[in-house]
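**Q** Under the UniProt record's numbering, the residue at position 603 of the sequence shown is numbered 603, and the numbers go up by one with no gaps. Beta carbons are placed, not taken as given, at the ideal position from N, Cα and C, and that holds for glycine. Below is a structure I'd like to ask you about.
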Amino acid sequence: MPARRLPKTLAPWREVLDSAERESWFPLIFDRSVPAEAEAMDELMNDGEVMYIHDMLEAQLKDLVRSRTPSKNYTDDEVAQEIERTLAGQTPQDYGRWAFYPWSRRMVHLLPPDPFIELRSDRNRNKITSEEQIRLRKIKIALAGLSVGNAVAVTLALEGVFGELRLADFDTLDLSNMNRIRCAVHHLGLNKAIIAARQIYEQNPYANLVLFTDGVTPENIGEFIDGTGPGDRADIVIDECDSIQIKLKLREEARARRLPVLMETSDRGMLDIERFDLEPERPILHGLVGNVTSDQVNTLPPPARLGLILQIAGLHTISPRLAASLLELNLTLKGFSQLGSDVTLGGATTTTAVRRLALGMPLASGRVYIDVSGQLAEVTSPPLPDLSHPRRLRDITEVRELVQYAIMAPSHGNDQPWRFEYGDSVLRVFHDTERAAGREEIGRHWALVAIGGALANLQIAAGVKGREATIQLFPGKQDPSLVAEVRFALRAGGPADDPLFEEIPRRNTNRALGTRAHLSPVHVQALSAAARDSGAKLQLCTDRGLLGELGQLLGEAERLRLLTPTLHGPTMRQIRWSEAEAHDTQDGIRVEALAVTPMDFAAFQLLRSTDVAKVLRDTNGGRLLMMSSVQALASSAAVGLLTIPGQSPTALVRGGQAMQQLWLTASALGVAIHPINTLIDMFARVERFHGAGFDKREIQRFLEMRERFTRAFTVALADVEILLFRLSYADPAPLRTLRRPVDDVFSAPLPDKKSP
């Protein structure tokens with residue numbers, strides 16, 4: 001029988017139904033926008049041949065709308081409007097396609113091919129990128145053998161990993177096959193290729209299959225591999241057949257055409273890979289069968305053929321149970337022993353290998369064992385915690401809750417440079433040098449400020465929870481990343497009533513443009529007291545002329561930060577360019593938060609390119625980048641500078657604590673704070689870190705800017721600048737930066753359970 005291919009036009013439904021029960025294998029697809037097809041479908045319906053109608057098109061359209069813009073929270077009315085646009089004047093009845101399955105008499109209403117494939121594969125992203133999916137949908141696969149191969153075929157179809165799939169098997173389904181083939185008892189006696197085709201078409205009616213229901217034979221193997229003409233050759237051959245002769249013949253033909261061959265054995269999860277595309281002289285089956293050819297196999301006596309099977313399976317790697325089963329073939333066993341779990345695993349490993357081949361990813365010739373049974377046999381029980389100390393467990397829970405408040409503190413670029421470990425009744429706070437802030441000297445500078453803010457939150461939360469938190473900074477020199485040790489005791493007088501506690505989760509950065517209202521004297525007094533009580537000094541600039549000057553200085557600093565090569569990359573890595581990326585990393589700053597205006601947003605998108613930044617730097621351009629800073633300061637009630645005496649690591653942590661006290665106070669007062677630390681970051685680079693990242697011309701530029709800066713603020717040489725910020729009265733910020741889950745930054749190992 002010749003290969004069975006999809007008809008190029010709609011097949012006559014009466015002819016298909018004549019042999020539907022045993023022979024039909026593809027659905028009839030009706031496009032009602034084509035009059036002849038609409039007429040044929042109406043005839044089919046009117047003749048009573050359709051037993052079930054499944055019309056869930058509206059649900060598919062809603063799913064399509066929401067999947068295309070997952071960040072948008074659509075109302076029902078907005079979804080309905082998008083659906084109307086998609087229908088483009090067509091009635092829902094005539095939109096899309098109707099798939100009729102002759103073997104079940106079901107009629108199903110579906111999206112058209114392209115939207116159907118788009119939505120059906122949407123959840124593959126980003127494990128398989130959109131570009132990779134397009135490439136995978138172009139490959140041709142020739143799969144021989146549909147017992148083990150059934151799981152392979154169905155998994156390939158689930159992931160959409162082919163453009164054309166050729167299925168070959170001469171055999172029909174026996175009841176004894178059903179321990180490993182996912183099918184129904186009414187499939188008994190049906191050809192296995194037809195069963196697989198029906199399974200695939202019921203999940204994707206637009207799939208492209210070719211059936212060889214005589215199996216692979218010496219007569220049709222050329223068409224099985226080469227197709228029907230130029231450009232139709234298979235890209236990958238998969239061997240899951242039982243015949244030793246055909247196994248060898250497939251490899252001989254694949255090697256002659258330089259095609260890779262895959263084989264999954266369903267024993268110990270073994271996947272065999274032969275890269276004849278890269279190694280055309282490679283011995284067939286890695287030389288395990290010697291020089292035996294496909295023409296010679298049937299001339300060998302049965303014991304010799306069994307020996308070949310053992311050699312192919314691997315005399316030294318085959319599982320003992322399968323080896324014993326092979327020796328019982330035709331004695332106490334009728335066929336090869338195979339399990340449904342092993343076969344299902346084979347579908348997964350083979351499909352993964354196909355993806356790697358099709359996408360040009362590394363995959364060498366050889367054998368790999370995904371031996372689940374062996375791995376499970378080696379599982380060891382972890383030591384159980386000593387549950388005889390419930391107080392220890394309560395302590396961990398309480399400290400974990402305090403850490404949850406600590407990590408709500410701000411950090412440079414929201415990089416969250418902290419790590420917390422609780423043990424021996426001590427909470428140790430570390431600078432996590434794996435985060436962005438740990439990769440250079442000035443990074444540690446700002447990391448210590450951020451950790452100070454976290455410690456301030458921790459202390460406030462502890463008091464409200466009835467605990468006294470005693471903090472010891474830099475307790476030992478053995479580990480330079482250890483910033484603090486915190487010990488907790490019951491607080492005299494019970495839980496504190498601290499109004500700043502409620503502000504910890506509310507505090508945020510507000511970049512919105514505010515009003516030019518004057519800062520309330522009461523607010524000035526409260527903010528100054530918050531800084532002073534923490535050992536810091538707050539200076540406020542409210543002069544309109546000086547605010548304009550500061551706007552120019554800050555704008556120039558921002559321009560240089562975005563254009564300087566050594567700072568461009570780190571700055572861009574702080575930005576999260578989509579909601580999905582922000583949720584994946586749980587850190588960084590959303591681009592929408594930085595881009596106050598559409599022009600800002602466009603500028604950031606363009607500046608992602610280092611080439612664009614280089615051109616602007618080389619031409620001393622980028623003045624547009626200064627505008628948002630100028631506008632922001634012009635809309636401010638004041639600009640503040642927080643400093644603290646000393647320049648040691650301890651001073652930086654103390655400064656971070658003062659910063660958080662000040663910020664929480666502003667939040668309680670309803671005053672918006674927007675950190676604009678770029679300018680003092682640049683000053684620190686020049687004055688404390690040898691001009692890190694700048695050339696001589698830029699260093700001189702910042703020295704000049706420092707001179708202009710002193711018109712607004714006076715900074716003693718012995719002090720360190722902690723926070724430069726603008727104050728305003730503005731609407732609440734629409735976006736909040738995310739935090740990594742507390743369990744990503746907090747650990748509290750329990751002691752091993754001791755033996756009695």
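1) Does the separation of the CB atoms of residue 797 and Ala313 fall below 8 Å?
2) Give the straight-line distance between the Cα atoms of Glu82 and Ser67, rounded to the nearest whole angstrom.
3) Less than 6 Å between C-beta atoms, sequence neighbours within five positions excluded: which residues of the same chain meet that for Gln459?
4) Looking at C-alpha atoms only, which residue of Val297, Ala692, Leu738, Asp584 is the closest neighbour of Asn126?
5) I need the DSSP call for Pro302, collapsed to helix, strand or coil.
6) Specify, as a first and last residue, the run of the beta strand (DSSP E) that Phe212 falls within.
7) Can you give the beta carbon distance from Gly89 to Leu57, rounded, assuming they're within the 8 Å contact cut?
8) State yes or no: is the C-beta of Pro649 within less than 8 Å of the C-beta of Ala718?
9) Name, in chain order, the residues that DSSP records as bridge partners for residue 783.
10) Between Arg623 and Asp611, what straight-line distance do the alpha-carbon atoms span, to the nearest angstrom?
11) Mind reading off the beta-carbon distance from Gln629 to Gly514? Whole number of angstroms is fine, and I expect it under 8 Å.
12) Any chance you could list the beta strand (DSSP E) runs of at least 3 consecutive residues sitting entirely within the stretch 532-571, in chain order?
13) Ordered along the chain, which non-local residues of its own chain (more than five positions away) have a Cβ less than 7 Å from that of Gly693?
14) Tell me the residue span of the beta strand (DSSP E) that contains Thr91.
15) Taking only the alpha-carbon atoms, compute the straight-line gap between Thr542 and Leu641 and give it to the nearest angstrom.
16) Between His54 and the rest of its own chain, which residues show a CB-CB distance below 8 Å, the 5 nearest in sequence each way excluded?
17) To the nearest angstrom, how far is it from the Cα of Leu560 to the Cα of Ala634?
18) Which same chain residues, not among the five before or five after Asp286, have their C-beta less than 6 Å away from its C-beta?
19) In whole angstroms, what separates the C-alpha of Gly215 from that of Ala144?
20) For Ala536, which residues in the same chain have their Cβ closer than 6 Å to its Cβ, ignoring the five residues on either side in sequence?
21) Using 10 angstroms around the beta-carbon of Phe689, count the other beta-carbons present and answer buried if the total reaches 16, otherwise exposed.
22) If you draw a straight line from the C-alpha of Glu78 to the C-alpha of Pro92, how long is it?
23) Does the Cβ-Cβ distance between Met626 and Ile504 come in under 8 Å?
24) Determine the direct distance from the alpha carbon of Leu158 to that of Ala151, and round the result to whole angstroms.
25) Which residue comes first and which comes last in the beta strand (DSSP E) that contains His431?
26) What's the C-alpha gap between Ala184 and Gly163?
27) DSSP state of Trp103, grouped into three classes?
28) Just curious, the beta strand (DSSP E) that Arg258 is in, first and last residue?
29) Grouping DSSP H, G and I as helix and E and B as strand, with all else coil, what is Leu735?
30) Hey, out of Trp98, Trp577, Asp114, whose CA is closest to Val50's CA?
31) If you reduce the DSSP assignment to three classes, tell me which class Ile644 lands in.
32) For Val615, is the classification buried or exposed, using 16 other Cβ atoms within 10 angstroms of its Cβ as the cut-off for buried?
33) To the nearest angstrom, how far is it from the Cα of Ala716 to the Cα of Ile128?
34) Per DSSP, Ala168 is paired with what?
35) Given that a residue counts as buried once 16 or more other Cβ atoms are within 10 Å of its Cβ, and exposed if not, what is Arg726?
36) Check whether the stretch 166-177 and the stretch 189-196 touch, using three or more Cβ-Cβ pairs below 8 Å as the test.
**A** From the atom records:
1) The question about residue 797 has no answer, for the chain in this structure spans 1 to 756.
2) Position 82 of the sequence shown holds residue 82. Position 67 of the sequence shown holds residue 67. The straight-line gap from Cα to Cα measures roughly 12 Å.
3) Taking the sequence shown and counting its residues from 1, one reaches residue 459 at position 459. Around Gln459: Ala469.
4) For the purposes of this step, residue 126 is taken as the residue at position 126 of the sequence shown. Asn126 has its Cα closest to that of Asp584, out of Val297, Ala692, Leu738, Asp584.
5) Stepping through the sequence shown from its first residue, residue 302 is reached at position 302. Collapsing the DSSP output to three states places Pro302 in a helix.
6) In the sequence shown, the residue the question calls residue 212 occupies position 212. That run of the beta strand (DSSP E) goes 209-212.
7) By 1-based counting over the sequence shown, the position of residue 89 is 89. By 1-based counting over the sequence shown, the position of residue 57 is 57. Contact between Gly89 and Leu57 does not hold, since their C-beta atoms are separated by about 16 Å, which reaches or exceeds 8 Å.
8) For the purposes of this step, residue 649 is identified with residue 649 of the sequence shown, where counting begins at 1. For the purposes of this step, residue 718 is identified with residue 718 of the sequence shown, where counting begins at 1. Contact: no.
9) The requested residue 783 is not part of the displayed model; the chain covers only 1 to 756.
10) Reading the sequence shown from its first residue, position 623 is the one you call residue 623. Reading the sequence shown from its first residue, position 611 is the one you call residue 611. About 17 Å.
11) Your numbering for residue 629 matches position 629 in the sequence shown. Your numbering for residue 514 matches position 514 in the sequence shown. Just to set this straight, residue 629 is Ser in the shown sequence, not Gln. About 14 Å separates the Cβ atoms of Ser629 and Gly514, ruling out a contact at the 8 Å cut-off.
12) Fully enclosed beta strand (DSSP E) runs of no fewer than 3 residues occupy 537-541 of the stretch 532-571, in order along the chain.
13) On the sequence shown, position 693 is the one that residue 693 refers to. Taken in chain order, the residues that qualify are Thr564, Thr566, Leu567, Arg685.
14) In the sequence shown, residue 91 corresponds to position 91, counting from 1. Where Thr91 is concerned, there is no enclosing beta strand (DSSP E), given that its DSSP letter is neither H nor E.
15) Residue 542 sits at position 542 when you count from the first residue of the sequence shown. Residue 641 sits at position 641 when you count from the first residue of the sequence shown. When rounded, the distance between both Cα atoms is 12 Å.
16) For the purposes of this step, residue 54 is identified with residue 54 of the sequence shown, where counting begins at 1. Beyond the five residues adjoining it in sequence on each side, His54 comes within less than 8 Å, by CB distance, of Arg106, Met107, Val108, His109 in the same chain, given in chain order.
17) Counting from one through the sequence shown, the residue named residue 560 turns up at place 560. Counting from one through the sequence shown, the residue named residue 634 turns up at place 634. Approximately 21 Å, taken between the alpha carbons.
18) The residue you call residue 286 lines up with position 286 of the sequence shown. According to the sequence as given, residue 286 is His; it is not Asp. Once the five neighbours on either side are set aside, His286 has no close Cβ partner at all.
19) Taking the first residue of the sequence shown as position 1, residue 215 is located at position 215. Taking the first residue of the sequence shown as position 1, residue 144 is located at position 144. Each residue's Cα considered, the two are about 7 Å apart.
20) In the sequence shown, counting from the first residue as 1, residue 536 sits at position 536. Once the five neighbours on either side are set aside, the close Cβ partners of Ala536 are Leu642, Ile644, Ala658.
21) What you label residue 689 is simply residue 689 of the sequence shown in a count that begins at 1. Looking at its Cβ environment, which holds fewer than 16 other Cβ atoms inside 10 Å, Phe689 is exposed.
22) Here residue 78 refers to the residue found at position 78 when the sequence shown is read from its first residue. Here residue 92 refers to the residue found at position 92 when the sequence shown is read from its first residue. When the Cα atoms are used, Glu78 and Pro92 turn out to be separated by approximately 17 Å.
23) Taking the sequence shown and counting its residues from 1, the one referred to as residue 626 is at position 626. Taking the sequence shown and counting its residues from 1, the one referred to as residue 504 is at position 504. It is not a contact, given that the beta carbons lie outside the stated cut-off.
24) As a working note, residue 151 is residue 151 in the sequence shown. As a working note, residue 158 is residue 158 in the sequence shown. Roughly 10 Å between the two C-alpha positions.
25) Here residue 431 corresponds to residue number 431 of the sequence shown, with the count starting at 1. Taken as a continuous stretch (DSSP letters only), the beta strand (DSSP E) holding His431 covers 426-431.
26) In the sequence shown, the residue the question calls residue 184 occupies position 184. In the sequence shown, the residue the question calls residue 163 occupies position 163. Within the model, the alpha-carbon separation for Ala184 versus Gly163 is close to 27 Å.
27) Locating residue 103 in the sequence shown gives position 103, where the first residue counts as 1. Coil, per DSSP.
28) Within the sequence shown, the letter at position 258 stands for residue 258. Per DSSP, Arg258 lies in no beta strand (DSSP E) segment and is marked neither H nor E.
29) The count along the sequence shown starts at 1 and reaches residue 735 at position 735. Coil at Leu735, not helix or strand.
30) As a first step, residue 50 must be located in the sequence shown, where it is residue number 50. That would be Trp98, whose Cα lies nearest to the Cα of Val50.
31) Position 644 of the sequence shown, counting from 1, holds the residue named residue 644. The answer is strand: DSSP assigns Ile644 an E or B state.
32) Position 615 of the sequence shown, counted from the start, is the residue given in the question as residue 615. When all chains shown are included, Val615 counts as exposed.
33) Counting from 1 along the sequence shown, the entry for residue 716 is found at position 716. Counting from 1 along the sequence shown, the entry for residue 128 is found at position 128. For Ala716 and Ile128, the distance between alpha carbons rounds to 56 Å.
34) To locate residue 168, count along the sequence shown from 1; it is residue 168. According to DSSP, Ala168 bridges with Ala144, Phe212.
35) Along the sequence shown, read from residue 1 onward, the residue named residue 726 stands at position 726. Burial call: buried.
36) Output reads yes: the stretch 189-196 touches the stretch 166-177.
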